[in-house]
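In our numbering, the protein residues as written are 14 to 238. Each residue gets a CB set at the ideal place from its N, CA and C atoms; glycine is no exception. Here the structure is a predicted model, which is why all the values come from computation and not from measurement.
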Ligand code: DX5
Ligand code: ZN
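In structure tokens:
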């Protein structure tokens with residue numbers, strides 16, 4: 014299990030369909046869709062709506078990351094866009110247990126994310142409710158930021174926690190991920206890496222090679238655990 018989920022945030026927004034096809038052809042395991050509302054984070058992207066027809070151009074499953082206030086308002090739209098994972102932030106809702114249940118009831122896999130400043134203990138009580146934990150290694154809002162190394166201790170904690178409690182959630186890391194830190198993330202127990210600039214930095218032609226290089230580092234790290 015070593016998945017790469019390239020972020021569509023780094024694609025050309027005027028030509029998303031071409032990017033979706035290129036990601037599938039380039040070996041992406043998931044497509045990471047960053048929903049931002051200009052309130053929870055100081056940037057806006059899109060809602061789930063524009064991705065309603067994405068399944069017509071790609072069969073790669075969608076990993077939808079909600080950097081929004083009131084994520085519960087988007088459950089129906091995320092399900093209509095065939096999101097495989099609907100990932101919400103622990104900081105965004107006071108009734109997280111109910112929200113995660115509602116996501117599962119809508120037919121999606123619930124995921125929980127935490128900002129760099131949020132301790133991992135904040136999600137401990139609901140870890141048995143999620144299929145995925147997304148550890149942010151930048152402050153959410155923008156692509157192309159520098160990796161915050163101190164956040165990686167959360168990955169090690171989560172990996173130990175799931176072993177001790179016999180849980181099987183996936184650990185995903187998002188923000189500033191590249192070929193240089195993928196190895197360490199694998200060593201710590203990460204299963205899935207988001208990469209926006211790391212995937213798109215050499216244009217569409219560079220996608221297959223960049224995905225492969227990041228996956229190779231992740232796999233090497235994981236195999237040396
Ligand atoms: C940041 C987003 C990330 C972003 C990652 O707010 O959640 O998914 O697209 O971009 P890179 O890989 O460029 O840091
Ligand atoms: Zn993201």
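Inset, instruction - Starting from the N-terminal side, write out each stretch of the beta strand (DSSP E) that is 3 residues or longer and does not extend beyond the region 33–95. - result: 44–49 and 75–80
Inset, instruction - Look up residue 209 in the DSSP assignment and say whether it is helix, strand or coil. - result: coil
Legend entry - Validate contact between the region 119–126 and the region 15–29 using beta carbons, cut 8 Å, 3 pairs: no
Legend entry - Element boundaries [alpha helix (DSSP H), containing residue 190]: Note, residue 190: premise wrong, no alpha helix (DSSP H); not H, not E.
Legend entry - Within 7 Å, strictly: CB atoms of residue 195 and residue 231: yes
Inset, instruction - Please find out if some non-hydrogen atom of the ligand ZN comes closer than 6 Å to the beta-carbon of residue 66. - result: no
Inset, instruction - Let me know if residue 237 comes out buried or exposed under the rule of 16 or more other beta-carbons within 10 Å of its beta-carbon. - result: exposed
Inset, instruction - May I have the straight-line CA-CA distance separating residue 16 from residue 42, to the nearest angstrom? - result: 6 Å
Legend entry - residue 182 versus 192, 92 and 174, residue with shortest Cα-Cα distance: 174
Inset, instruction - Grab me the residues of residue 208's own chain with a C-beta within less than 6 Å of its C-beta, minus the 5 sequence neighbours each way, in chain order. - result: 19, 190 and 227
Inset, instruction - Could you check the C-alpha separation between residue 59 and residue 81 for me, to the nearest Å? - result: 11 Å
Inset, instruction - Name all residues in chain order for which at least one heavy atom of the ligand ZN lies closer than 6 Å to the residue's CB. - result: 20, 45, 47, 78, 187 and 207
Inset, instruction - Within its chain, find whatever has a CB closer than 8 Å to the CB of residue 115; leave out the 5 residues flanking it on each side and keep chain order. - result: 85 and 88
Inset, instruction - Take every Cβ of the region 26–45, pair it with every Cβ of the region 125–143, and state whether three or more of those distances are shorter than 8 Å. - result: no
Inset, instruction - Could you tell me whether any non-hydrogen atom of the ligand DX5 is closer than 6 Å to the CB of residue 27? - result: no
Inset, instruction - Could you pull out every unbroken beta strand (DSSP E) segment of at least 3 residues lying fully inside the region 135–166, listed in chain order? - result: 145–149
Inset, instruction - Pull up the CB-CB distance for residue 187 and residue 102, whole angstroms please, since I reckon it's below 8 Å. - result: Not confirmed; about 11 Å, so no contact.
Legend entry - Proximity to residue 72 [Cα-Cα], best of 143, 96, 56 and 107: 96
Legend entry - Inter-residue Cα distance where the pair is residue 24 and residue 110: 33 Å
Legend entry - Cβ-Cβ distance between residue 90 and residue 99 below 7 Å: no
Legend entry - Element boundaries [beta strand (DSSP E), containing residue 219]: Taken as a continuous stretch (DSSP letters only), residue 219 belongs to no beta strand (DSSP E), as it is neither H nor E.
Legend entry - Residues bridged to residue 99 (per DSSP): 77 and 123
Inset, instruction - Classify residue 235 as buried or exposed, calling it buried when 16 or more other Cβ atoms lie within 10 Å of its own Cβ. - result: buried
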